[in-house]
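Numbers in the numbering used here are just positions in the sequence shown, counted from 1, shifted up by 3.
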Amino acid sequence: MNTQSLKFLLAAGAAVCAGIVPATAANGIKVEHLGVNNTLVRVNPDSVRWLIMPVQESCDDARVNVLADGKLERTIFVRLSKNHTDYTVPLDLTPYRGKKVVLDIVTPQSRSSVREAANDACWQDMALSDSYSTANREKYRPAFHHTPLYGWMNDPNGMVYKDGVWTLCYQWNPYGSKWQNMTWGRSTSKDLVNWEHHGPAIVPDGLGTIFSGSCAIDRENSAGFGKDAIVAMYTSAATSQTQSLAHSTDGGNTFHKYAGNPVITLDSEFRDPNMFWYAPAKEWVLVLAHALEHEMLVYTSKDMKNWTLQSRFGKGLGAQDGVWECPDLFELPAGKGSKWVMLVNLNPGGPFGGSATQYFVGDFDGKTFTPDRDKNGNVPTKWMDYGKDHYATVSFSDTPDGRRTVLGWMSNWQYANDVPTQQYRSANTLPRDLSLFRGKDGSWYLASAPSPEVDALRASTPAPVNSSLSTTPVVYTLPADNDGICEIDATITAAKGPVTMTLSNDKGEKTLITYDPAKATVSVDRTASGVTDFSRDFSAVTTAPLPAKVKALSLRIFVDRSSIEVFANDGQAVLTNLVFPSAPYSTLSVSADPKATLKALSVYPLKPTVK
Ligand code: FRU
């Protein structure tokens, strides 16, 4: 796909699908039905950029073999519409200029006759166009979180900081808003809050689709791809999962796959390589999720191409349900010394069902990760975020100033494919900076605080309000601009009983955030938050323990169009949850029993970064 032209097109943003022409031979599309479930579509790619493909989400995938001059270029899976078209997705024709393009399409279920097959809506609605509209059509598209412009997104991938630019690749389906056709999409940012979209970075090939992985800067040119090349390692997913390399010497604009791929193979499911330079041994360390075995594999290499398995971590430790995925391993300051943290994403088996991120604190000697144990010799299960919508979280590599900055996928495999959006599905969490703190039990815990760059979202600084609280709620009006997106900061002191902050709209929909000092917990109740009926698993109350002593509880609450992120005491407890209110929340009310004090309540209106 021509990334440059897509970049231009996406930047142009609001282009309307002007000039769309229906599927007729005269207009460059010729449809021939060969049987009850097989159709050939011939298109002329010479004078037009996109083939616009119609999607009906409730249909099963059609297999679309893209042939250029008779050669199979790629196979994609698209829910081509049968009865009606929900939305369209674009196939870039520019790589095939000068060739004869034929799509050999196998539709999922055969019709009773060719005549019936010919009636499918997709053949009428297929079109050629020089433009594809990415203008937002969604009321739930976040205003200040990264989302793809269109199509499905899951895990963040290949996150790296280089020359002032934060690169965020992601698991992307460019051909529909449900999981499929895994491709690395790519966005970049200079400030971690405004993102520029660049389209596909690494696309499927004969070794498989492109599953999750990481990027690192090869400062020593150890792999021979060039000094300071950005090197990506990802999982090639076909019949088996193998690990492959690609590199970029232009800051991530173009990735070149390594001809010797795959570089690591195994006889069982393993994926999501995460690699980093381990300076003391002057070599690369790689952590891979041995998914079904519930363990992480640690490899080392001098050249990124030849890897040696050094150790295995995790069997029998922590949460062991589901599959282990998306690892990360890094060092953080801890008191006067440092500790290592192993992130283990798992699905299902999270504390409130479905996907979640657990972590282990311990030591690492370049080959083996050894987790800390409590006084009884046990390795406790610890969660990074106690909401339902925080998964696949890993960190940026090569971050400046010793920072460890992470982003997660703000959804849950239980219902990610069913959330009430269509043009796109899923967003990332806000960026968070990690640190370690000691809990009451003397062990180390991970704090995830909003990255400092997030402060730049504030549109103005309101005067803070103080108030004593009682069972009669104190009521505040939320900023109405931009559908009420805002940051709510407050400190609660002298609380003996629960304090509840309620976000609500005039439809009676509400999300409750409750601090319970006796239990030392913060919880979020989204059971009446708005649209919840798209999945039995969505309605939930999630609760986070506060591991350290609490004198006063400080809260930072980020309200976007379809998410609420609650950070308590600088990220010592975090809850990330999606919400789909049918109208924006307009009111904040705070009540407490018995008396507590609300100090320095500030409600900041935020500037949208997604237009
Ligand atoms: C996690 C995950 C990864 C895999 C990717 C596929 O959400 O299942 O293990 O690489 O998604 O999209």
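We put the beta carbon where it would ideally sit given N, CA and C, even for glycine.
Practice problem: Please report the Cβ distance between G633 and V382, rounded to the nearest whole angstrom; I am assuming they are in contact, meaning their Cβ atoms lie under 8 Å. | Solution: Outside the displayed span of the chain (4 to 614) sits residue 633, for which this structure offers no information.
Exercise. Confirm the yes/no value for this check: CB of R274, any heavy atom of the ligand FRU, distance under 8 Å.
Key: Indexing the sequence shown from 1 puts residue 274 at position 271. Here the distance from the Cβ of R274 to the nearest heavy atom of the ligand FRU is below 8 Å.
Quiz item: How many Å lie between A146 and D270 at the Cα?
Solution: Here the question's residue 146 lines up with position 143 in the sequence shown. Here the question's residue 270 lines up with position 267 in the sequence shown. Rounded to the nearest whole angstrom, the CA to CA distance from A146 to D270 is 44 Å.
Practice problem: Would you list the one or two residues that DSSP bridges to Q183? | Solution: Translated into positions along the sequence shown, residue 183 becomes position 180. Q183 pairs with nothing; no bridge assigned.
Quiz item: Can we count A240 as close to the ligand FRU, meaning its CB is less than 8 Å from some heavy atom?
Solution: Position 237 of the sequence shown, counted from the first residue, corresponds to residue 240. At least one heavy atom of the ligand FRU is nearer than 8 Å to the Cβ of A240, so yes.
Quiz item: Whose C-beta lies closer than 8 Å to the C-beta of G511 among residues of the same chain, with five residues either side of it excluded?
Solution: Within the sequence shown, the letter at position 508 stands for residue 511. Listed in chain order, the non-local C-beta contacts of G511 below 8 Å within the same chain comprise A531, local neighbours out to five positions each way being set aside.
Self-check item: Residue(s) in a DSSP beta bridge with A359
Solution: As a working note, residue 359 is residue 356 in the sequence shown. A359 pairs with L349.
Self-check item: Per DSSP, the bridge partner or partners of M307
Solution: The residue labelled residue 307 in the question sits at position 304 within the sequence shown. Paired residues: none, contrary to the question.
Quiz item: In or out: N176 buried (at least 16 other Cβ within 10 Å) or exposed?
Solution: Counting from 1 along the sequence shown, the entry for residue 176 is found at position 173. With 16 or more other Cβ atoms inside 10 Å of its own Cβ, N176 counts as buried.
Self-check item: The alpha helix (DSSP H) enclosing E334, as first and last residue numbers
Solution: Position 331 of the sequence shown holds residue 334. Counting along the chain, E334 falls outside any alpha helix (DSSP H), though it belongs to the beta strand (DSSP E) covering V326 to A337.
Quiz item: If you measure from the CB of W182, is any heavy atom of the ligand FRU nearer than 8 Å?
Solution: Position 179 of the sequence shown, counted from the first residue, corresponds to residue 182. Yes, the ligand FRU has a heavy atom inside 8 Å of this Cβ.
Self-check item: Residue range of the unbroken beta strand (DSSP E) whose run includes R441
Solution: Taking the sequence shown and counting its residues from 1, the one referred to as residue 441 is at position 438. Looking at the DSSP string, the run of the beta strand (DSSP E) that includes R441 is R435 to R441.
Self-check item: Sequence-distant residues of its chain with Cβ nearer than 8 Å to Q112 (five each side left out)
Solution: Working through the sequence shown from its first residue, we reach residue 112 at position 109. Only N40 and D63 meet the Cβ criterion.
Exercise. Give the DSSP bridge partners of R45, in chain order.
Key: Looking up residue 45 in the sequence shown gives position 42. When beta bridges are read from the DSSP output, R45 appears opposite K33 and V105.
Quiz prompt | Alpha carbon of A71 to alpha carbon of N580, nearest angstrom | solution = On the sequence shown, position 68 is the one that residue 71 refers to. On the sequence shown, position 577 is the one that residue 580 refers to. Using only the alpha carbons, I get a separation of about 45 Å.
Practice problem: Assign A124 to one of three DSSP states: helix, strand, or coil. | Solution: To locate residue 124, count along the sequence shown from 1; it is residue 121. DSSP places A124 in the helix class (H, G or I) of the three-state scheme.
Quiz prompt | Reduced DSSP category for D95 - H, G, I as helix; E, B as strand; rest coil | solution = Indexing the sequence shown from 1 puts residue 95 at position 92. In this structure, D95 counts as strand in the three-state DSSP scheme.
Self-check item: C-beta contact flag for V364 and V344 at 9 Å
Solution: In the sequence shown, the residue the question calls residue 364 occupies position 361. In the sequence shown, the residue the question calls residue 344 occupies position 341. Yes; because the gap between Cβ atoms is below 9 Å, this pair is in contact.
Quiz item: Of all the beta strand (DSSP E) runs that stay within the bounds of the stretch 493-545, which reach a length of 3 or more residues?
Solution: For secondary structure counted as the beta strand (DSSP E) over 3 or more consecutive residues, the stretch 493-545 holds these complete runs in sequence order: 502-507, 513-519 and 524-528.
Quiz item: Under three-state DSSP, which class holds V582?
Solution: By 1-based counting over the sequence shown, the position of residue 582 is 579. DSSP places V582 outside both helix and strand once states are collapsed to three, so it counts as coil.
Quiz item: Do you know offhand how far T252's Cα is from G209's?
Solution: Position 249 of the sequence shown, counted from the first residue, corresponds to residue 252. Position 206 of the sequence shown, counted from the first residue, corresponds to residue 209. Cα to Cα, T252 sits roughly 24 Å from G209.
Quiz item: Helix, strand or coil: how does DSSP classify P672 here?
Solution: Not covered by the structure: residue 672. The range shown for the chain is 4 to 614.
Quiz item: Residues in its own chain within less than 6 Å of V206 by CB, not counting five upstream and five downstream?
Solution: Start at 1 with the first residue of the sequence shown, and residue 206 comes out as number 203. Excluding five sequence positions before and after V206, the CB atoms of its chain that fall closer than 6 Å to its own CB belong to T186, given in chain order.
Quiz item: I233 and H250: beta carbons closer than 9 Å?
Solution: The count along the sequence shown starts at 1 and reaches residue 233 at position 230. The count along the sequence shown starts at 1 and reaches residue 250 at position 247. Using a Cβ distance threshold of 9 Å, I233 and H250 count as a contacting pair.
Quiz item: Beta carbon of S215, beta carbon of Q174: below 9 Å?
Solution: Stepping through the sequence shown from its first residue, residue 215 is reached at position 212. Stepping through the sequence shown from its first residue, residue 174 is reached at position 171. Contact: yes.
Quiz item: Near P597, which residues of its chain fall below 7 Å by C-beta distance, leaving aside the five closest residues on each side in sequence?
Solution: Translated into positions along the sequence shown, residue 597 becomes position 594. Once the five neighbours on either side are set aside, the close Cβ partners of P597 are K499 and G500.
Quiz item: What are the complete beta strand (DSSP E) segments, minimum 3 residues, inside the stretch 411-480?
Solution: The stretch 411-480 contains these whole beta strand (DSSP E) runs: 435-441, 447-453, 468-471 and 477-480.
Exercise. Compute the Euclidean distance between the alpha carbons of S473 and W386, then round it to the nearest angstrom.
Key: The sequence position of residue 473 within the sequence shown is 470, counting from 1. The sequence position of residue 386 within the sequence shown is 383, counting from 1. Cα atoms of S473 and W386: separation of roughly 33 Å, rounded to the nearest angstrom.
Quiz item: Among K370, S190, R274 and L295, which has the Cα closest to the Cα of L152?
Solution: As a first step, residue 152 is located in the sequence shown; it is residue number 149 there, counting from the start. Put simply, of K370, S190, R274 and L295 the residue whose alpha carbon is nearest the alpha carbon of L152 is S190.
Quiz item: Does the beta carbon of W412 fall short of 8 Å from some heavy atom of the ligand FRU?
Solution: Numbered from its first residue, the sequence shown carries residue 412 at position 409. Checking the Cβ of W412 against the ligand FRU gives yes.
Quiz prompt | S134 versus Q127, I79 and I55, residue with shortest Cα-Cα distance | solution = Looking up residue 134 in the sequence shown gives position 131. It is I55 whose Cα lies nearest to the Cα of S134.
Exercise. Could you tell me which residues DSSP pairs with S190 in its beta bridges?
Key: Residue numbering aside, residue 190 sits at position 187 when the sequence shown is read from its first letter. For S190, the beta-bridge partners assigned by DSSP are L171 and H200.
Quiz item: Hey, quick one: how far does the beta strand (DSSP E) through P608 stretch, first residue to last?
Solution: Position 605 of the sequence shown, counted from the start, is the residue given in the question as residue 608. Bounds of the beta strand (DSSP E) holding P608 are T600 to P608.
Quiz item: Does the beta carbon of D158 fall short of 8 Å from some heavy atom of the ligand FRU?
Solution: Sequence index remark: in the sequence shown, residue 158 carries index 155 (1-based). Because some heavy atom of the ligand FRU lies under 8 Å away, the Cβ of D158 counts as near it: yes.
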